[in-house]
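Chemist: Taken in order, the sequence shown gives residues 3 to 298; the numbers are from our numbering.
A virtual CB, placed ideally from N, CA and C, is assigned to each residue, including glycine.
Can you keep this structure in mind? I'll have questions shortly.
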Amino acid sequence: MKTALLLGGALLLGGCAGGTAKTAFPPEPPLARPGLAGMQYLYGSGESAAISRQAWQALTFYVGEAMQGKDRRSVVLDEGATLENPKFVPCAGKPPAAVFDVDETVLLNQGFEYDELTGAPHRDFDDRWARWEKTGGHAVSPTPGAKEALDAIRRMGVTVIFNSNRNAFNAAPTEQAIDDAGIGPAVHGQTLYLAGDDATGSMKDGRRHTIASQYCVIAMGGDQLGDFSDLFNEAVSVPARRAATALAGIAPLWGRGWFVLPNPVYGSALQGGPDDIFPSTKRWSDPAPTSTKEPR
Ligand SMILES: [Mg+2]
């Protein structure tokens with residue numbers, strides 16, 4: 003990203019010199035905050051919007067099939083289950099529901115991230131986020147395709163329930179933000195579960211099990227692996243976390259009960275250095291690392 007911005011700055015300056023092609027010196031890179039590339043992708047790009055619609059349309063199709071079939075399969079891991087040996091909460095006799103994370107799953111927090119990008123650096127995140135929950139409801143949007151999908155599955159008779167790590171103290175403005183975005187209703191304790199509703203903090207399995215004790219949860223959506231099971235957050239390394247998504251009992255769930263929305267801006271996906279990200283067998287170093295341009 004930094005390279006692209008530097009190049010962009012040099013080209014811009016070069017183009018201002020009375021039509022004469024000059025190399026700008028010294029090139030002044032535009033002010034860039036960390037995370038700009040992720041925000042460009044998530045909040046600005048058509049590519050991200052297309053992925054979002056792809057997920058929501060796949061979810062709508064999957065739920066439609068599940069509602070027409072006799073086998074309504076739960077996708078909430080039962081207590082005592084492991085990722086290696088997944089077992090699911092029984093569904094017998096329960097009405098169908100679908101469970102969704104809120105932030106960057108059904109809502110895009112554009113106002114907060116604009117402030118993140120343009121406001122003073124080094125502010126306390128928790129305090130700022132609490133103020134955002136209270137006052138930022140006007141500056142969010144539904145993720146592309148979310149409203150259409152939630153409207154459609156509600157029409158099928160599926161109860162839509164939100165399981166968020168927003169704070170229970172701010173339940174009222176969160177209900178309002180979801181309603182105002184056109185994807186409600188969200189009623190705290192009924193169709194909206196929040197951090198502070200139980201004693202497990204930001205872990206979501208407890209709230210998931212409370213929901214699954216009343217409903218047959220046939221689909222879930224989220225932008226973090228913890229939106230599907232807290233067990234993913236027990237993985238001890240970046241490669242282990244990635245490998246967990248490919249386990250025999252887990253891999254078939256992606257797009258078939260578990261639906262992931264993109265988030266390159268924040269969260270558990272953004273961790274690890276080069277040694278964590280690139281397997282030792284998949285590394286390459288340019289054998290001629292010079293600035294000389296070679297013919298192709
Ligand atoms: Mg989220």
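Between the segment 43 to 62 and the segment 139 to 146, do three or more beta carbon pairs fall short of 8 angstroms?
Modeler: Yes, the segment 43 to 62 touches the segment 139 to 146.
Chemist: Assuming A197 and N235 make a contact with CB atoms under 8 angstroms, what is their CB distance in whole Å?
Modeler: With 8 angstroms as the limit, A197 and N235 do not qualify as a contact, their Cβ atoms being about 15 angstroms apart.
Chemist: Verify whether the separation of the beta carbon atoms of H211 and V77 is less than 9 angstroms.
Modeler: No, they are not a contact pair.
Chemist: Is it buried or exposed, M3, if we count other Cβ atoms within 10 angstroms and call 16 or more buried?
Modeler: The predicted model places M3 with a pLDDT of 31, which falls under 50 and marks its position as unreliable; any figure quoted below should be read in that light. So M3 counts as exposed.
Chemist: Which residues in the same chain as Q178 place their Cβ atom closer than 7 angstroms to its Cβ, once the five residues preceding and following it in sequence are excluded?
Modeler: Taken in chain order, the residues that qualify are G139.
Chemist: Are the segment 204 to 221 and the segment 81 to 95 in contact at 8 angstroms, needing three or more beta carbon pairs?
Modeler: Taking 8 angstroms as the limit for Cβ pairs, the verdict is that the segment 81 to 95 does touch the segment 204 to 221.
Chemist: CA-CA distance, G82 and L233?
Modeler: C-alpha separation (whole angstroms): 11 angstroms.
Chemist: Would the segment 52 to 68 and the segment 180 to 200 be scored as touching if the rule is three or more Cβ pairs under 8 angstroms?
Modeler: Contact fails: fewer than three Cβ-Cβ distances are below 8 angstroms.
Chemist: So what does D105 bridge to, in DSSP terms?
Modeler: Its beta-bridge partners are L109.
Chemist: May I ask which residues mark the beginning and end of the alpha helix (DSSP H) holding V240?
Modeler: Run containing V240: V240 to A246, per the alpha helix (DSSP H) assignment.
Chemist: Count the other CB atoms, across all protein chains shown, that sit within 10 Å of the CB of K206; report buried if there are 16 or more and exposed otherwise.
Modeler: It is buried - the Cβ of K206 has at least 16 other Cβ atoms within 10 Å.
Chemist: Using only the alpha-carbon positions, how far apart do M158 and P175 sit?
Modeler: About 28 angstroms.
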